[in-house]
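Read through the structure below, which is laid out as structure tokens, and then see the notes.
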Amino acid sequence: MDSERILTELRTEGYDVVPTYDNADMVIVNTCGFIDSAVQESLEAIGEALKENGKVIVTGCLGAKEDQIREVHPKVLEITGPHSYEQVLEHVHHYTPKPKHNPFLSLVPEQGVKLTPRHYAYLKISEGCNHRCTFCIIPSMRGDLVSRPIGEVLAEAKRLADAA
């Protein structure tokens, strides 16, 4: 969901999203930091992006551990943590100027850019956790449990269903 939100914002500002490193002005790596294998996969993705492109912004849960990322990949341009959409956009604007107005941007669907097949979508109803289990780092990365208002969730569910 976080990647979809970032992609939607960038598309509506006129940035192109490209499928390869070759044509990219920069790469944004959205990371996971909850389990060791996900951390390792995220660090590998950052390393690959640096090797292939050289200009990388890191965001997501692992971004909350900036020192850990910089220790392995000191050449990363910027690092943000979870819930940092605006910061990611600011960093993109800093390193890559906003494109000129594109009249086709009004064609970006209201529900945004989706990374899932048409027949399903993600619907976030809450974020974080209030439990402090000794084995779990979710509360330290995502914060306390915050639930979205039921009316907001239902309205988004209807929009997603209508868009399918």
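In terms of the numbering used here, the sequence shown opens at residue -4 and continues consecutively. Virtual Cβ for every residue (Gly too), placed ideally from N, Cα, C. Source: prediction; values computed, not measured.
For Val12, the secondary structure class from DSSP, reduced to helix, strand or coil, is coil. By alpha-carbon distance to Ile120, the top candidate from Lys60, Pro77, Ala150, Arg127 is Ala150. Shown here for His86: same chain residues with a beta carbon closer than 6 Å to its own, the five before and five after excluded, namely Ile52, Glu73 in chain order.
Counting along the chain, Ile52 sits inside the beta strand (DSSP E) bounded by residues 51 to 55. Under the criterion of beta carbons closer than 8 Å, Glu4 and Tyr80 qualify as touching, at roughly 7 Å. If you draw a straight line from the Cα of Glu43 to the Cα of Pro14, it comes to about 14 Å. Going by DSSP, Ile23 is part of the beta strand (DSSP E) stretching over 22 to 26. For Thr3, the enclosing alpha helix (DSSP H) covers residues -3 to 7. Cβ atoms of Tyr16 and Pro94 stay farther apart than 8 Å, at about 19 Å.
By the CB criterion at 8 Å, Phe29 and Ile133 fall inside the cutoff. For Val34, no pairing in a beta bridge is given by DSSP. The continuous alpha helix (DSSP H) containing Gly146 extends over residues 145 to 158. Secondary structure at Ser79: coil, using DSSP grouped into helix, strand and coil. DSSP places Arg65 inside the alpha helix (DSSP H), whose first and last residues are 61 to 67.
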